[in-house]
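Number of protein chains: 2
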Amino acid sequence: MLYPRQVVLVTCRGEGWANIVPVAWSIPLSFEPPLVGISLSPKRYSHELIRKAGEFVINIPTLQLLKAVMETGSCSGRDTDKFSRCGLTPAPAKHLKTPIISECVAHIECRLHKEVELGDHTLFVGEVLEAYADPNYFDGECYTEQADLVYQLGGELFVRLGRRVSA
Amino acid sequence: MLYPRQVVLVTCRGEGWANIVPVAWSIPLSFEPPLVGISLSPKRYSHELIRKAGEFVINIPTLQLLKAVMETGSCSGRDTDKFSRCGLTPAPAKHLKTPIISECVAHIECRLHKEVELGDHTLFVGEVLEAYADPNYFDGECYTEQADLVYQLGGELFVRLGRRVSA
């Protein structure tokens, strides 16, 4: 009942290639220091990669990338280079060795701050080193109307963001 | 950049009256056991109430309640009965002494499982005792198109959920 939720693509680095995992369980956690969290099952290959590398990037996709987003969730980085399989392009991050996804409209570079085991998932808490976005999609305060972000309602059902409402 | 986010109304019980706090930082954390998290600043009166009572309820509002949602954020439960001030109606929860908000379309009753200090906020992790919703707004799997949920884009700007998209 805490859906629809924004789906983000988390990148992390492995031995051979970097990996991508779609994550619907993300949350801002603190302003000072700036902390964000992503909750991942230990079954995911990215779980061990993030633990080893001590860093990750949150990349924000739009609905134009929905097919690629779905594809990143349907195979494992243990045996697949997801960047190449999903038609996504890695680019260097500013502060980390983990690549960002060029096609995404915003990026949050995180250094692993803490891991918290909570039930069948681990909350990876990252300290935000830098967050930046394409100015066409983010005006410095919030996303512009052009930013057709990916909100999952459940399973393979998504919802488009609609009209704005002022309080 | 992890916005828009759903705004939920968290209820908790105090000495004299129950309190309500609007929360945009919430997250599912585990399937088994079912855990959810809400991140709250220690400045909020609800922070000490949840710690003392060891329980809270997540209530899901719709945009019809936007004025009341904004109002719950503009005063403190230390000196105000927010239910009466915001025109919201308390009703008994099924498992807790904390009241639910009748006007909301879904409710998640939580027993406090863990507190995690993260920067300038505390993540309150709740074990879900029961989650239930008005069937007009939630079909058992996900929210129906009638459910005009509250998504905050930033500050006093919100966004309506729009058309559905199948992957």
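So the protein lines, in turn, are chains R and W.
So the first sequence is residues 344 to 510, counted in the numbering used here.
So the second sequence is residues 344 to 510, counted in the numbering used here.
Where is the CB? At the ideal position from N, CA and C, for every residue including glycine.
{"Check": "Are the beta-carbon atoms of W/Ile-370 and W/Val-379 separated by less than 8 Å?", "Outcome": "yes"}
{"Check": "According to DSSP, is W/Val-350 part of a helix, a strand, or is it coil?", "Outcome": "coil"}
{"Check": "Which residue's Cα is closest to the Cα of W/Gly-498: R/Glu-391, R/Gly-483, R/Glu-499 and R/Ala-490?", "Outcome": "R/Gly-483"}
{"Check": "Per the DSSP calculation, W/Arg-528 is bridged to which residue(s)?", "Outcome": "With chain W covering 344 to 510 only, the question about residue 528 of chain W has no answer from this structure."}
{"Check": "Can you tell me whether W/His-450 is buried or exposed, with buried defined as 16 or more other CB within 10 angstroms of its CB?", "Outcome": "buried"}
{"Check": "Evaluate R/Pro-442 with the Cβ neighbour count: other Cβ atoms within 10 Å of its Cβ, from every protein chain shown; 16 or more gives buried, anything less gives exposed.", "Outcome": "buried"}
{"Check": "Taking only runs of the beta strand (DSSP E) that begin and end inside the region 383–456 of chain R, which ones reach a length of at least 3 residues, in chain order?", "Outcome": "398–403"}
{"Check": "For a quick check, are the C-beta atoms of W/Leu-504 and R/Leu-409 less than 8 Å apart?", "Outcome": "no"}
{"Check": "To the nearest angstrom, how far is the alpha carbon of W/Ala-361 from that of R/Ala-396?", "Outcome": "45 Å"}
{"Check": "Considering only residues of the same chain and omitting the five flanking positions on each side of R/Asp-491, which have a CB-CB separation below 8 Å?", "Outcome": "Thr-405, Leu-406, Gln-407, Arg-503 and Leu-504"}
{"Check": "Taking only beta-carbon positions, decide if R/Arg-387 is within less than 8 Å of chain W.", "Outcome": "no"}
{"Check": "Identify the continuous beta strand (DSSP E) that holds W/Tyr-480 and give its terminal residues.", "Outcome": "Here W/Tyr-480 belongs to no beta strand (DSSP E), and DSSP marks it neither H nor E."}
{"Check": "Kindly indicate which residue of W/Val-493, W/Ser-509 and W/Leu-431 has the alpha-carbon position closest to the one of R/Val-508.", "Outcome": "W/Val-493"}
{"Check": "Would you tell me roughly how many angstroms separate the C-alpha atoms of R/Lys-437 and R/Ser-417, rounded to the nearest one?", "Outcome": "29 Å"}
{"Check": "For W/Glu-398, does the count of other Cβ atoms within 10 angstroms reach 16, so buried, or fall short, so exposed?", "Outcome": "buried"}
{"Check": "Given that W/Asp-477 touches chain R, what residues does it touch there, using C-beta distances under 8 Å?", "Outcome": "Neighbours of W/Asp-477 on chain R: none; closest Cβ ~11 Å, over 8 Å."}
{"Check": "Exposed or buried, which one is W/Arg-348 when buried takes at least 16 other CB atoms within 10 Å?", "Outcome": "buried"}
{"Check": "From W/Asn-402 to R/Lys-386, what does the alpha carbon distance come to, in whole angstroms?", "Outcome": "31 Å"}
{"Check": "Please compile the residues from chain W whose C-beta is within a distance smaller than 8 Å of the C-beta of R/Trp-368.", "Outcome": "Ile-370, Pro-371 and Leu-372"}
{"Check": "Once you ignore the five residues that flank W/Lys-457 on each side, which residues in its own chain have a CB closer than 7 Å to its CB?", "Outcome": "Val-468"}
{"Check": "The beta strand (DSSP E) with R/Leu-372 in it runs from where to where?", "Outcome": "369–373"}
{"Check": "Is the CB of R/Gly-505 under 8 Å away from at least one CB in chain W?", "Outcome": "yes"}
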